[in-house]
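Working notes, structure below.
In structure tokens form, the structure reads like this:
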């Protein structure tokens, strides 16, 4: 498989590379590292929402509009209930999959592969391949919970949070930690009665945040994706946010997000690797035991483990 | 200063040790480590809520009842707006401070000392001293946000989350991540009109969680601390939760919480120390630069840093 084929947008070559990465073939990772340096063209759009918020239908509408504007599109679905993952009712699935025969749309699902923990890295890999293929817009569909969810949110340039009318959904959105990283909020299924309440609730919650001069203040939009309503306005906002990211304020924000993502990954990997090394060793068992017996407080115990781990490092 | 005096409950000796810890006198930390092994008697109760939820008045009522029941009490206030910290309106402050002339109540405030970052460790230190003094109940008052807030919540045996009627407060509670760790929820200022809505909202939110057999399902209570209403019921629930912690299910839960606290501290300290070591080095600058130039993806960059850091560790 030649990286050049992928850079030219060849779908077969891209699909094969993705499979090789899955199979952990070392040369595939080298190819990926090489491809990564050719990325940065695509605008990565995260679409986050609980199952049932209609985010797949919304993405379907977005794809249609983007294709009308002659943009090429990649989709990564990480929600196991997404029709893009083949897990939903047949009608939906067939409707979504009409895009699969369009050469300009490349859809991959991670949900059905049973990845856990490494989900964010796999998503990053697939986005890298799609970006290097030259896709203009890459949509990442996720339920946005857990550690993977948070990392995936950091990956996107523009994060769209989808909620629906009805008590508790905006609460869920906040609980998932996506209030902080949402760039555009969408109240979907706006044909439902209390869409305006949800809109007001969301706007109130956003106003609780303190914004500084030059900050992007997330807009809240109403859509009705089943009837293709509000999609143009949403695309306009995505474009507006993309332009914002090109301003000095936006660039700084984007750099901050990248740095946070790196630090988060570093923090997690450092801890995981340390724990994996220590687990089962006498030292680890002794520490846990001392904690249990209240012979040592957790701060002193942690300090002593850290000093041990880092003592040989210059 | 003799540790024996503290173990006997001597307030002057305890206050002096706390001051010495603040001044970072090495022998003080040794004394503290020694005292820690004599702790485990006190029931630690966290009271978390935004400023204005009346949690200080609620604590005031709790102290009064506990004293009537001949229990000795320690209070650690970490909310800068708390009357216990001397930061509030005079009337309140005077009312709270009536307890300060009661030998059975020991109040310390961390809020006015300007500790930042190390707040959770300082709290842990003070709780250790109070516990070793023989206090029956130690109340930790906190606004519960940020990293320190989360660690402090892990320290308590029983966590009370205080909210008041009115939109947004339950949302704030969830945002602060205290839904997961709240053992008892209190809707204070229940004389306000829409207390029942807040009660219902909170109960609905709790029901979203999945409980397993033997799990403690957090009750939601109404109180009106300004008029001393609902306090007995709250104390009963605290007792009930204390008894629950003595069951096998409760013990397991408590052990899980302790292990999580240790892992959280370990994760943070490991990252902080690594970052402090690397910051400013050529290696660190090169990594950040490579990330900026998209020469390397954040996962590969983090992996390479972690391998370097841990390579000399057996």
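Protein chains in written order, with the working numbering: chain A, 1 to 314; chain B, 1001 to 1314.
In this text, a Cβ means the ideal position worked out from N, Cα and C, and glycines have one as well.
Quantities reported herein were computed from a predicted structural model and do not represent experimental measurements.
Closest in alpha carbon position to residue 1258 of chain B, among B/1155, B/1199, B/1296, is B/1155.
Around the beta-carbon of residue 1025 of chain B, fewer than 16 other beta-carbon atoms lie within 10 Å, marking it exposed. Cβ atoms of residue 1208 of chain B and residue 1187 of chain B stay farther apart than 8 Å, at about 18 Å.
Our two residues, residue 271 of chain A and residue 1030 of chain B, have alpha carbons roughly 28 Å apart in a direct line.
Distance between residue 1212 of chain B and residue 1247 of chain B, taken at the CA atoms: about 15 Å. Taking a Cβ-Cβ cut-off of 8 Å, residue 1249 of chain B has no neighbours in chain A, whose nearest Cβ is about 17 Å from it.
The shortest CA-to-CA distance from residue 1225 of chain B to any of B/1055, B/1182, B/1198, B/1205 is the one to B/1055. With a cutoff of 8 Å on beta-carbon distance, residue 1137 of chain B and residue 1107 of chain B are scored as not near each other.
Around the beta-carbon of residue 280 of chain A, fewer than 16 other beta-carbon atoms lie within 10 Å, marking it exposed.
Of the residues assessed, residue 1141 of chain B falls on the buried side of the cut-off, its CB having 16 or more other CB atoms within 10 angstroms.
In this structure, the CA atom of residue 236 of chain A is about 11 Å from the CA atom of residue 221 of chain A.
Here the alpha carbons of residue 253 of chain A and residue 230 of chain A stand approximately 27 Å from one another. For residue 40 of chain A, the closest Cβ of chain B is nearer than 8 Å. Here the C-alpha atom of residue 1309 of chain B lies approximately 15 Å from the C-alpha atom of residue 278 of chain A.
The beta-carbon of residue 1309 of chain B is placed less than 8 Å from the nearest beta-carbon of chain A. Between residue 156 of chain A and chain B, the shortest Cβ-Cβ separation is not below 8 Å. Within 8 Å of the CB of residue 37 of chain A, the CB atoms of chain B belong to 1294, 1295, in sequence order along the chain. Annotation: the continuous alpha helix (DSSP H) that includes residue 1248 of chain B extends over 1248-1278. Just measuring C-alpha positions, the residue of B/1050, B/1123, B/1003, B/1035 sitting nearest residue 1166 of chain B is B/1050. Contact residues of the region 1120-1134 of chain B toward chain A are 1120, 1121, 1124, 1125, 1128 (C-beta to C-beta distance below 9 Å). Taken in chain order, the members of the region 237-261 of chain A whose beta-carbon sits within less than 7 Å of a beta-carbon on chain B are 258, 261. Under a 10 Å Cβ-count criterion, residue 1041 of chain B is classified as exposed, with fewer than 16 other Cβ atoms of the shown protein chains found around its own Cβ. Residue pairing by DSSP places residue 1075 of chain B opposite B/1107, B/1139 in a beta bridge. The beta-bridge partner set that DSSP reports for residue 1043 of chain B consists of B/1137. Contact between residue 122 of chain A and residue 38 of chain A does not hold, since the beta-carbon distance rounds to 20 Å and is not under 8 Å.
When C-beta distances to chain B are compared with 8 Å, the residues of the region 270-285 of chain A below that value are 270, 271, 273, 274, 275, 277, in chain order. Per DSSP, reduced to three states, the secondary structure at residue 196 of chain A is helical.
If you keep only unbroken beta strand (DSSP E) runs of at least 3 residues inside the region 181-239 of chain A, you get 184-187, 220-222.
The three-state secondary structure of residue 1159 of chain B, taken from DSSP, is strand.
When DSSP states are grouped into helix, strand and coil, residue 1123 of chain B belongs to the helix group. If you draw a 10 Å sphere on the C-beta of residue 27 of chain A, you find fewer than 16 other C-beta atoms in it, and that means exposed.
Interface with chain A (8 Å Cβ-Cβ cutoff): residue 1290 of chain B is excluded. By the neighbour-count criterion, in which 16 or more other beta carbons inside 10 Å mark a residue as buried, residue 1023 of chain B falls on the exposed side. Taking C-alpha positions only, residue 1047 of chain B is separated from residue 1077 of chain B by approximately 10 Å.
Sequence-distant partners of residue 44 of chain A (beyond 5 residues in either direction) whose C-beta falls short of 7 Å from its own C-beta, in its chain, are 127, 138, 140, 155, 156, 157. Taking residue 21 of chain A as the centre and dropping the five residues before and after it, the same chain places the C-beta of 28, 29, 32, 125 closer than 7 Å to its C-beta, in chain order.
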